[in-house]
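Residue numbers (my numbering), protein chains in the order written: chain A, 156 to 600; chain B, 156 to 600. Notes follow the structure.
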């Protein structure tokens, strides 16, 4: 009999690995186990489903269980892995439809167990109208609730990406939306004054933003905070996610930062024959060199692919992340990559900053609007450490130059001299990133 | 008495140098001489002026002569430098308003004489309704002609960027537009099959494209080619430009590729105390290592700045170009950076190619459309050599990642693993560039 690969988790990291392994090792038996009902879907698309830009939940599914089975992958949904026995080389699986539990042996194992929304232990936070939004089951539940009760007053707890994207989504639906965050700023991955620009823009669009206010409970029809009450028919948890590494932990596999699974460059865990990828595991930050937990679809797809190549006998590596994240909130585009001031300080960098405004396209073209770029550069070397962008349409994908320059370790004078593209409908002759690099260079003295 | 800097040429490269030198050396006397009537303008904006998106010619002027004079620069328009005496340290200048000629001594000299449109010696090509478009005087003449005669039949000779942008501009004005090019493809900086995509898109917009057809003469009301006649009220020359290096040549300063002025990394010419920048001089191509003539505003601004810093006693270098160019023709966005197949072959690279189609944004989002990316990678090393992009809105600035990766010498497997930005309104989870990099990696075997 041939070898068997068991994949735990049927979304990006799991199914990228399974698909690559399927192509590279036709002899391998591949069983993929997914707790939920959907496979290989875009969780990042959920806000656009709720907001009505995407019309059907199934549109977010890249590949169905049937499609995976047609590829020769034994894809089983509603199968929850409840125990991992490394010595015995087997997992214990519960079939959630029938309630039966069985054991399944493996030669190779890939853990792609994902992440789950943070849900503090506060009164009422497990209520019917309180939704964490991480997978399609969450989206289905939220959508059903929305369609049944048509909430007028929506409260988003926490000022992270998914929460703010859902704030926009409910604004589009015509609801009255309030964001409550205990911290003094939205989006803590941004520096405070850049976060302020986001808050200003959201308020200008009609979203109520309450900062420095801690939620204490959710009651019928309202959220209770340390500063009062906010009317709420529906509550969204936007408090970030935590790696779902229980299975790995229980089996004694090494965990790292924030409980995420430790992996090497090949996505190998501390247990021989066991790989991991995606939201359940950690990455190396290419600027700080420190381990980080970056639970994003881009990382999950890459790590899954790398794991799949390696477990099928090939060689590939995942070098790490630069901390890139972008989003759209109403008309505002927001992007960041690299280190912000707090992260640079924590990593031990001495740095200068430059914040500039420049038009997204040539200033004389119709539609030219100002975008803001903040850039950090290391004192002495001038090495680019990170950038944050807030602006109108045409701002956000510029962060890709930052991600590339960070990966290559370019200095800001090198960024200033990059042969970036210019034509009046798309940029000024100095791209805004280069204007920022020029100011950072001046700040270096 | 203090030292005097003379700047020849009042557009980007000249005035960037003059402005930087002004700030760095308050003691320096700076005289800037410009043959035409305008200073520091965006020639790249001319097609949008002709097409009506930009309303006034003055909108294209970044700084007027008066503004430069207010900065303490002795800016003289309508002053043509007709002779350069290096041994005597003086230029001969003709005041075009009064017709008087005078000599002006210099301690430091910066040549920013620009480029002029290629104008083959064919019958009728010096006619009233035949326009080369390189500077604002050309734009004024073209605009006057257009407003006086309201041409219905416009012929663009040559399939380069400015010609095709003007083809779009006249289409916007409601003219019937024909592009005639002697070569079998449009835009020879693209590989043939990518150029074909441009031709297809232009034809779909209603522009007549006649390829492999050589213009022989311009007659009253028509263009004569080796294949027949094309009705023409107005003819645009889109045959590229040639470095305007006559002054340097006459003074014995070294010229290089295509007659462009040779400069070192500091923008110093072969003559001591003489700098040059912009369309009149050559650059190093960072991928091939060869000298090239890249007459673009981005290069001119950077080279001017570098020259200005150095001639004022500072230190800065212009490292070179990656051959980035972008444009918009009707609804189509076109971009390239690095080497195309012909250039890679000429430089001695063995390479693989990958051409892919992918959506600009997540496929399930409204407005998702296909873009095409062609990528070249060196055999063996896998080093990225270049890329070409053709697609709808949202395609073109992605080339900046290519420019940055080329500068850093990244390989396609590194491009594939870049932490590029993803959110459904802006990209798929694998950016189209990464899909292309993945296919290029597969082609490397």
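Quick reminder that beta carbons are idealized off the backbone N, C-alpha and C, glycines included. Here the structure is a predicted model, which means the values were calculated and not measured.
Cross-strand partners of residue 295 of chain A (DSSP beta bridge): According to DSSP, which records beta bridges pairwise, residue 295 of chain A is partnered with nothing at all.
Going by DSSP in three states, residue 521 of chain B sits in which element: helix, strand or coil? coil
Close beta carbons around residue 587 of chain A, own chain, < 6 Å, minus the five adjacent residues each side: 513, 526, 528
Pick from A/464, A/593, A/235, A/196 that is closest to residue 510 of chain A, judged by C-alpha positions: A/593
3 or more residues per run - each beta strand (DSSP E) lying fully within the segment 162–218 of chain B: 184–188
Under 7 Å by beta carbon: chain A residues contacting residue 318 of chain B: What residue 318 of chain B touches in chain A: nothing, since even the nearest Cβ is about 14 Å away.
Strictly by DSSP, which residues pair up with residue 481 of chain B? B/490
Between the CA atoms of residue 406 of chain B and residue 241 of chain B - distance to the nearest angstrom: 7 Å
DSSP-derived helix/strand/coil call for residue 529 of chain A: strand
Taking only beta-carbon atoms, is residue 520 of chain B less than 8 Å away from chain A? yes
Would you decide whether residue 581 of chain B is buried or exposed? Buried here means 16 or more other CB atoms lie within 10 Å of its CB. buried
What in chain A is Cβ-close to residue 572 of chain B, meaning under 7 Å? 457, 473, 474
In three-state terms, what does DSSP make of residue 258 of chain B? strand
Under a three-way DSSP split, which group does residue 543 of chain A fall into? strand
In this structure, how does DSSP classify residue 372 of chain B when only helix, strand and coil are distinguished? strand
Could you name the residues of the same chain whose beta carbon sits closer than 7 Å to that of residue 191 of chain B, not counting the 5 residues immediately before and after it, in chain order? 232, 290, 291, 292
With DSSP as the reference, label residue 427 of chain B as helix, strand or coil. coil
For residue 543 of chain B, which residues from the same chain have a beta carbon less than 6 Å from its beta carbon, with the 5 sequence-adjacent residues on both sides left out? 345, 349, 491, 529
Given residue 204 of chain A as reference, the closest of A/314, A/536, A/570, A/299 once Cα atoms are compared: A/299
Per DSSP, what kind of secondary structure is residue 590 of chain A in: helix, strand or coil? helix
Measure the Cβ-Cβ separation of residue 228 of chain A and residue 353 of chain A and say whether it is below 8 Å. no
The alpha helix (DSSP H) spanning residue 558 of chain B covers which residue range? 554–563
Helix, strand or coil at residue 504 of chain B [DSSP, three-state]: coil
For chain B, find out if any of its Cβ atoms is closer than 8 Å to the Cβ of residue 470 of chain A; answer yes or no. no
First through last residue of the alpha helix (DSSP H) which encompasses residue 453 of chain A: 452–466
Does the segment 564–583 of chain A come into contact with the segment 541–558 of chain B, if we say contact requires no fewer than three beta-carbon pairs (one atom in each stretch) closer than 8 Å? yes
Identify which residue in B/269, B/235, B/243 has its Cα closest to the Cα of residue 253 of chain B. B/235
In the structure shown, what three-state DSSP assignment does residue 318 of chain A receive? helix
Inter-stretch contact (C-beta, 8 Å, three-pair minimum) for the segment 385–398 of chain B and the segment 268–282 of chain B: yes
For chain A, is any of its Cβ atoms less than 8 Å away from the one on residue 427 of chain B? no
Where residue 452 of chain A meets chain B, residues with beta-carbon distance less than 9 Å: 577, 584
Can you name the residues of chain A whose CB is closer than 7 Å to the CB of residue 477 of chain B? 574
Name the two residues that bound the continuous beta strand (DSSP E) containing residue 391 of chain B. 389–392
8 Å CB neighbourhood of residue 519 of chain B in its chain, flanking five on each side removed: 579
Indicate the three-state DSSP secondary structure (helix, strand or coil) for residue 516 of chain A in the structure shown. coil
What's the gap between the Cα of residue 278 of chain B and the Cα of residue 515 of chain B? 46 Å
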